[in-house]
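Take the sequence shown: its letter number 16 is residue 7 in my numbering, and every next letter is one higher.
Backbone N, C-alpha and C define an ideal beta-carbon position, used for all residues, glycine too.
One structure below.
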Amino acid sequence: MTQSVKGMRDLWGTELRHFQFVERMCYQIMGAHGYQEIRTPIVESTDLFSRSMGSTTDIINKEMYTFKDRSDRSLTLRPENTASVVRAIIQNKLLEGNDPLHLFYIGPMFRYERMQSGRYRQFWQIGAESIGVASPESEVENLVLLFDFLGSLGLTDLSLSINSVGFPDERASFYTAFKSFFKDREASFCPDCHRRIVDNPLRVLDCKVASCQTALTGHPEILNFLSSESRSHHEKFQKCLHGSNISFSTNPKMVRGLDYYTRTTFEVISPDLGAQCALLGGGRYDRLIQDLGGPATPAFGWALGLDRLVSLLIKKNISLPSKPRILLIPLGESMLEYALQLVRPLWTTGHSIELETRGVALKKSLATANRKGHSHAFILGEGEKAKNIITVKFLMTGEQEEWPLGEITSRLTKL
Ligand code: AMP
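This is the structure in structure tokens:
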């Protein structure tokens, strides 16, 4: 039998219901903050990603699904969505008359990564981008949105880890100090870090090899080498986070895995997620829009891993707000047509009513309803038809009630 591609999985049942719950809350909170959805293709020209993410990042070097189409164009399944959103903004001139622009997206991303629990080759991200404002306050607005969203899902104990990487032209003196620190203990670093210290020293800081992380103890901190403007930006950012009651800690090693970040970077991790504990990350990317051919425009945003968020909700037993799920059971084939007429107007009221069409015995239908997690059964036989009522069985308790047909909608709403 043909199996799904390694690292790419089907979603259904409980897990999918959690995805849908998160997506519903996302639409609600994004709408409240005035963020509009954007949907971009999942395939882009390969050069979009190589130009935006940096030629020395792991994603570009090892993880992209790149292929040639029938016209020999190099295409790539998107490994992240900020580059695509920026391309869409430039191509469709979305900034004209819409500045500042607040956008969000939900969709699958693709990375050819080593498989682990919580790490997939197709995974889902929700992201929010705030385009056109350079201030620390706009960063905090975007993070208030994030924490309101997490709070609406029942996740109130997550904390933020922040840093600043300044602008590329501010990093020269940091690189000098960092390279000399590296040289003094170079034997302790992995071969990849020996390459990184030459090509892109920041990437040494987020090397995943444990011995490299140990060797980094006491490393020079980038923040101390930045311009006074970047440092005061960072101070104001922290003050504003305090003012908005968002708890955070600073982490001088947190530089994020992509090259386009400028100034503020951040991450939220959850120890409950195990080895793959990163739940989301983001930061400022003031040069990216210009680098991809658009007008010089500051921007800030984050991307959150939906698969990991859902596994966190399930692990923490955060229950979903549940609506009644009903199985309407006509007793015998003769009642089926009547049931179909009766249910039709109810289907337009937004309630979930599945119609049993098999014409099997009541016992079998009730067993199906229990197995499929229905909350109620509506039973419709000759007796009910004669009295203009429906028998409602509460499947959790086994209790039964008789409802007049005219009251079904109002009683359903009260359940
Ligand atoms: P990034 O785009 O690398 O900053 O990732 C943002 C978030 O996406 C991470 O914090 C994870 O929650 C999620 N994520 C990234 N890669 C994967 C993956 N391979 N499988 C599942 N989730 C992922």
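Next on the checklist: Am I right that asparagine 194 and threonine -7 are in contact with their C-beta atoms under 8 Å? What's the rounded C-beta distance?
Outcome noted: With the sequence shown as reference, residue 194 is identified as arginine, and asparagine is not the correct amino acid for it. Between threonine -7 and arginine 194 the Cβ distance is about 38 Å, and since that is not below 8 Å, they are no contact.
Next on the checklist: Quick test of your reading: histidine 24 and leucine 149, contact by CB under 8 Å. State the CB separation rounded to the nearest angstrom.
Outcome noted: Wrong, their Cβ atoms sit about 19 Å apart, outside the cutoff.
Checklist entry - Enumerated in chain order, which unbroken segments of the beta strand (DSSP E) with a length of 3 residues or greater are wholly contained in the region 144 to 232? => result Whole beta strand (DSSP E) segments, 3+ residues: 151 to 155.
Checklist entry - How about glutamine 116: is its Cβ closer than 7 Å to a heavy atom in the ligand AMP? => result yes
Checklist entry - Starting from serine 126 and walking both ways along the alpha helix (DSSP H), at which residues does that stretch end? => result No alpha helix (DSSP H) contains serine 126, which DSSP labels as neither H nor E.
Item to check | Rounded separation between cysteine 198 and arginine 316 - CA only | outcome: Approximately 48 Å between the Cα atoms of the pair.
Checklist entry - Who does serine 36 pair with in a DSSP beta bridge? => result Leu66
Next on the checklist: Could you check whether the Cβ of leucine 271 sits closer than 7 Å to any heavy atom belonging to the ligand AMP?
Outcome noted: Proximity of the beta carbon of leucine 271 to the ligand AMP is indicated: a heavy atom of the ligand is located closer than 7 Å.
Item to check | Neighbour-count burial assignment, glycine 4, 16 or more Cβ in a 10 Å radius | outcome: exposed
Next on the checklist: If the criterion is Cβ atoms closer than 8 Å, does the pair alanine 411 and aspartate 277 meet it?
Outcome noted: No information on residue 411 is available, as it lies outside the stretch -8 to 406 that the chain covers here.
Checklist entry - Would you say the beta carbon of aspartate 190 comes nearer than 7 Å to a heavy atom of the ligand AMP? => result no
Checklist entry - Looking only at C-alpha atoms, which of Val383, Met55 and Ala290 sits nearest to glutamine 391? => result Of the candidates Val383, Met55 and Ala290, the one whose C-alpha sits nearest the C-alpha of glutamine 391 is Val383.
Item to check | Of the residues Glu35, Tyr26, Trp115 and Glu28, the one placed nearest glycine 296, counting alpha carbons only | outcome: Out of Glu35, Tyr26, Trp115 and Glu28, Trp115 has the C-alpha closest to the C-alpha of glycine 296.
Next on the checklist: Below 7 Å, is the gap between the Cβ of leucine 232 and the nearest heavy atom of the ligand AMP?
Outcome noted: no
Item to check | Rounded C-alpha distance that separates serine 356 from tyrosine 56 | outcome: 46 Å
Next on the checklist: What I want to know is whether the C-beta of aspartate 298 ends up closer than 7 Å to one or more non-hydrogen atoms of the ligand AMP.
Outcome noted: yes
Next on the checklist: Is it buried or exposed, histidine 185, if we count other Cβ atoms within 10 angstroms and call 16 or more buried?
Outcome noted: Histidine 185 counts as exposed, since fewer than 16 other beta carbons sit within 10 angstroms of its beta carbon.
Next on the checklist: Any heavy atom of the ligand AMP closer than 7 Å to the beta-carbon of tyrosine 252?
Outcome noted: no
Item to check | Unbroken alpha helix (DSSP H) run spanning glycine 274, endpoints | outcome: From DSSP, glycine 274 is part of no alpha helix (DSSP H) but of the beta strand (DSSP E) over 269 to 275.
Item to check | Those residues which DSSP pairs with isoleucine 370 across a bridge | outcome: Bridge partners of isoleucine 370: Ile320 and Thr382.
Next on the checklist: Closest to lysine 170 by C-alpha separation, out of Glu132, Asp139, His210 and Ser143, would be which residue?
Outcome noted: His210
Item to check | Reference methionine 387; option with closest CA among Arg61, Ile380 and Ala360 | outcome: Ala360
Item to check | C-alpha distance - lysine 405 paired with threonine 340, whole-angstrom precision | outcome: 13 Å
Checklist entry - Would you call the region 147 to 163 and the region 233 to 244 touching, i.e. three or more CB-CB distances under 8 Å? => result yes
Checklist entry - Cα-Cα, which of Ser164, Thr253, Leu304 and Phe138 is closest to leucine 239? => result The sequence shown places phenylalanine at residue 239, rather than the leucine named in the question. Here the closest residue by C-alpha is Phe138.
Next on the checklist: Which residue wins for smallest C-alpha separation from arginine 349, given the options Val334, Leu337, Met326 and Leu141?
Outcome noted: Met326
Item to check | Three-way DSSP call (helix, strand, coil) for serine 261 in this model | outcome: If DSSP states are grouped into helix, strand and coil, serine 261 belongs with coil.
Checklist entry - Between lysine 306 and the rest of its own chain, which residues show a CB-CB distance below 6 Å, the 5 nearest in sequence each way excluded? => result Sequence-distant Cβ neighbours of lysine 306 in its own chain, meaning closer than 6 Å and more than five residues away, are Asp263.
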